[in-house]
Structure formats: C-alpha cells, structure tokens
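Structure, as structure tokens:
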Amino acid sequence: MKDKGSTGCLAIRQRYIVLAIGTLCIASIASNMTVINFTQICMAPRINNTGLHLQSSINETAHSSSAFDNDQKAYIQWAAAIGTLAAAWPFHWFYQQYGARVVFFIAGAVSTVATAVMPLAHHTHFNLLVLARFFQGVSFGADFAAIGLIVVNWASLKQHGLFISLLSSFSQISVMFTMPVSGELCESRWGWESVYYVHAALSGFLFVLWFYFYRNNPTKHPKMTEIELEKIHRGKGDVEEHEAAPIAKIMTNSVMLAVWLSAFGELMMSQFIVMYGSVFLKEVLGFAVNHTGYFVAVPRALHLGFKVISGIASDRIHFWSEKTKMRLFNTIALMVSGAFFCILGYLPKDQAHLSVIALLVIECSTGFICGGFYKCATLVARQF
C-alpha cells in the first residue's frame with residue numbers, strides 16, 4: 005500500500021478501476037450466456053422461398069428461423085439454469101474461503117472455454133452443446149456473489165448506490181454489446197461461429213485483467229493509498245473475516261423475503277426480454293436480423309442509463325428517508341413495467357412502433373430497481 009502522500013491521476017481512484025473491471029467481467033459472463041438467444045435465429049441454413057425479389061431479409065430464412073426445435077430450445081435454457089442453480093451455493097462457500105480474485109477468475113475461465121467450444125459442440129452433437137451451456141450456467145452462478153463482494157469490500161457507504169447500479173447492470177451491458185455485434189457478425193462472411201469466438205476472446209482478456217488488478221482486501225492492493233482506504237472504510241463497522249453467514253435469519257427476515265419476491269418479478273421480466281426479445285422482433289414484428297440486434301440493445305441501453313441515474317439519485321436525495329426512496333423507486337420499477345408488459349401483449353403486430361415504445365417504457369421504468377430492492381438488500385443485509 006502506498007503512503008498517504010502518494011500522487012497521480014489515479015492515486016485515490018483504485019476503487020473505480022475495480023468497479024469498471026468487475027462490471028465488465030460480470031457482464032462478459034452474462035454475454036456468453038445470452039449470445040445463443042440471438043444466434044439461434046441465424047444458425048440454421050438460409051432457405052429462399054422463391055427466385056423472386058425478396059422484400060426483406062426476414063424472407064431469406066423462411067421456414068428456417070431457428071436451428072433448434074422447441075424441445076431442444078427448452079433443453080438449452082434448462083441446462084444453463086440448472087448449472088446456475090447448482091453452482092450458486094458452492095460459489096458462495098468458495099468466495100468465503102478463498103476470496104473473489106481466484107474464484108471469480110476460474111469462473112470466467114470456465115465461461116470462456118465453454119463459449120469458445122459452442123460452435124464445435126453444435127456441429128458435433130447436440131448433447132455436447134447442452135453440456136457447454138451447463139458450464140456457462142455454472143460460471144453465471146458466480147456473478148451474483150461477486151457483485152456483493154465488490155460492493156462490500158470496495159465501495160464506500162456513500163457510493164453504495166453507484167456501485168450497485170453499475171455492477172448490477174451486467175444484463176443491460178451484455179445485451180448492449182451482444183445483440184448488435186451478433187447481428188452484424190451473423191450477416192458477415194465470418195458467420196455465426198465468429199460471434200462465439202469474439203465473445204470468448206473478450207471475456208478471456210477481461211478476466212486476465214481481473215486477476216492482475218483485483219485484490220480481495222483493498223489494504224493488500226499495491227496501489228492503494230491511505231486516503232482512499234479511509235474513504236472506503238469510513239462508517240463501516242469491523243467484521244471478523246470468514247464469519248459464518250446466518251442463513252436461517254436471512255431466509256426468515258420479512259424484508260429480505262420482499263426483496264426476493266421483487267427480484268423474482270423483475271428477473272422474470274428482464275430474462276423474458278433477453279431470451280425472446282430478438283425472436284419477438286424478428287418473427288412477430290418482422291425486423292431484419294441485423295436490425296433486430298439494435299432494437300433489442302437500445303431499450304437495454306436506456307435501462308442502464310436510468311439504472312445509473314436512479315442509483316446516484318438515491319445517494320444524493322436527502323429530503324426523503326431511505327425507506328421512502330426505496331418504496332417509491334421499487335413501485336415505479338415494478339408496477340409501471342408490469343402495466344406496460346400487459347399492454348405489449350395486446351398491441352397489433354402491424355404497428356411495430358407501438359411495441360417498440362412499450363418496450364422502451366418497460367426498460368426505462370425497471371431502471372429504478374437500483375434505488376429500490378437492490379439498495380434495500382445491501383442495507384438490510386448489513387445487520388447480519
């Protein structure tokens with residue numbers, strides 16, 4: 005650790021570098037998980053219906069809109085979900101024992117390898133593809149605990165909202181990158197296989213940065229200064245390392261149960277859009293493949309903007325109590341998005357612009373979750 009008098013443009017900004025690298029690493033695992041939701045619409049061979057002029061690129065792949073039947077799609081999604089569920093608790097234990105530096109790096113390596121072999125697995129046997137998806141899910145199980153560790157160890161109390169808003173935006177960041185890039189690469193001469201190779205190479209690079217720069221304890225960071233360390237620790241109580249988590253108390257706490265219920269509703273909505281948004285835009289609304297990627301990414305980008313704004317606003321607004329702010333933000337995030345989700349189901353498909361507007365409202369309103377149950381979880385969990 006550097007002494008108090010150390011200088012430099014980043015001398016007291018190491019926590020922001022950790023925040024940036026951590027956010028990108030978490031998002032890269034999510035991107036590797038998400039990529040198949042888009043590439044399934046361009047993995048099948050293209051089949052022209054007639055020799056006549058095709059009115060739009062959607063007609064190029066008629067009767068070949070997906071490489072998988074409905075049962076195979078279900079297996080692909082279930083494999084990742086089972087992997088995530090199976091790995092979540094083991095990762096929690098490994099994080100407690102060994103910290104996030106090595107454990108999260110291993111999770112990133114697993115995700116990188118699983119993503120890189122996806123094209124080979126697809127061309128070899130469907131069961132191998134399902135196995136690769138399972139390991140993508142396993143690595144995804146490391147994301148959520150990593151968010152908590154970075155916030156607890158590296159964020160000051162005044163910056164909890166900022167750290168949570170960025171770290172929890174992995175889904176939006178991943179879609180903002182994956183969908184446009186996948187759309188362009190799918191339509192390029194390199195084909196859909198290149199989508200997986202690009203994602204694998206990027207995630208591998210990011211996790212090398214993670215291992216090089218991250219430290220489990222800020223005091224052990226070679227570039228940490230006493231000034232920044234004091235800011236990080238200001239107002240925090242001393243907690244003995246490796247203290248056993250009171251799982252029973254957490255699971256029976258009424259506020260935490262409300263947080264989980266809110267998270268379940270929000271994740272169901274966001275994952276539905278991530279998993280089926282590209283298919284909905286292409287097959288129902290008739291967008292071209294490369295345009296579909298952008299129309300999925302733009303709402304997610306707006307969601308990210310509102311998420312960051314709500315996180316900062318929650319930290320800066322002082323004329324309301326924390327309870328009032330969390331209730332207000334959570335109500336906007338869940339009730340407004342829920343209402344427009346219902347509206348989306350009844351909009352005519354020949355008025356695609358209305359459906360896109362509804363998606364924009366859904367994504368913007370759910371951005372307020374950062375000042376809602378996300379922040380509530382971190383504040384309430386401190387008592388345990």
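Residue numbering for the sequence shown follows the numbering used here, beginning at 5 and increasing consecutively. Ideal Cβ placement from N, Cα and C applies to all residues, glycine included.
Using CA atoms only, rank isn't needed, just tell me which of 91, 314, 118, 119 is closest to residue 107.
Position 103 of the sequence shown, counting from 1, holds the residue named residue 107. Comparing Cα-Cα distances from residue 107 to each of 91, 314, 118, 119, the minimum goes to 91.
Going by beta carbon distance, what residues of the same chain come within less than 6 Å of residue 381, once the five residues before and after it are set aside?
On the sequence shown, position 377 is the one that residue 381 refers to. Only 263 meet the Cβ criterion.
For the region 101-187, list the alpha helix (DSSP H) runs that are entirely contained and at least 4 residues long, ordered along the chain.
104-120, 122-128, 130-144, 147-158, 164-171
Do you know offhand how far residue 189's Cα is from residue 31's?
One-based indexing of the sequence shown puts residue 189 at position 185. One-based indexing of the sequence shown puts residue 31 at position 27. The alpha-carbon atoms of residue 189 and residue 31 are separated by roughly 20 Å.
From 361, 340, 195, 221, pick the residue whose C-alpha is nearest to that of residue 100; which is it?
In the sequence shown, residue 100 corresponds to position 96, counting from 1. Minimum Cα distance to residue 100 is reached at 221.
Apply the 10 Å Cβ neighbour rule to residue 94 and answer buried if 16 or more other Cβ atoms are within range, or exposed otherwise.
Here residue 94 is taken as the residue at index 90 of the sequence shown, counted from 1. Counting the other CB atoms within 10 Å of its CB gives residue 94 a total below 16, which places it among the exposed residues.
Where the alpha helix (DSSP H) through residue 270 begins and ends
One-based indexing of the sequence shown puts residue 270 at position 266. Element bounds for residue 270: 258-283.
Report the rounded CA-to-CA distance for residue 308 versus residue 128, giving the unit in angstroms.
Residue 308 sits at position 304 when you count from the first residue of the sequence shown. Residue 128 sits at position 124 when you count from the first residue of the sequence shown. Taking the straight line joining both Cα atoms gives about 38 Å.
Please list, in chain order, all residues of the same chain as residue 219 whose beta carbon is under 7 Å from its beta carbon, the five residues on each side excluded.
Position 215 of the sequence shown holds residue 219. The beta carbon of residue 219 sits closer than 7 Å to those of 105, 225, all from its chain and outside the five residues before and after it, given in chain order.
DSSP state of residue 218, grouped into three classes?
One-based indexing of the sequence shown puts residue 218 at position 214. In this structure, residue 218 counts as coil in the three-state DSSP scheme.
Taking residue 138 as the reference, which of 79, 174, 158 has the closest Cα?
Here residue 138 corresponds to residue number 134 of the sequence shown, with the count starting at 1. With distances taken between CA atoms, residue 138 lies nearest to 79 out of 79, 174, 158.
What number of angstroms, rounded off, separates the C-alpha of residue 310 from the C-alpha of residue 206?
As a first step, residue 310 must be located in the sequence shown, where it is residue number 306. As a first step, residue 206 must be located in the sequence shown, where it is residue number 202. Roughly 26 Å separates the two Cα atoms.
Output needed for residue 324: all residues of its chain with C-beta closer than 8 Å, excluding positions within five of it in sequence on either side, in chain order.
As a working mapping, residue 324 is identified with position 320 in the sequence shown. Closer than 8 Å at the Cβ level, and outside the excluded window around residue 324, lie 332.
Report the option in 301, 175, 103, 377 whose CA atom is closest to the CA atom of residue 27.
Locating residue 27 in the sequence shown gives position 23, where the first residue counts as 1. Checking every option, the nearest Cα to that of residue 27 belongs to 175.
Cβ contact (3+ pairs, closer than 8 Å) linking the region 138-150 and the region 296-307
Output reads no: the region 296-307 does not touch the region 138-150.
Can the beta-carbon of residue 186 be found closer than 9 Å to that of residue 238?
Numbered from its first residue, the sequence shown carries residue 186 at position 182. Numbered from its first residue, the sequence shown carries residue 238 at position 234. Against a cut-off of 9 Å, the Cβ pair of residue 238 and residue 186 comes out as no contact.
Mark residue 209 as exposed unless 16 or more other C-beta atoms lie within 10 angstroms of its C-beta, in which case mark it buried.
Here residue 209 corresponds to residue number 205 of the sequence shown, with the count starting at 1. Around the C-beta of residue 209, fewer than 16 other C-beta atoms lie within 10 Å, and the residue is accordingly described as exposed.
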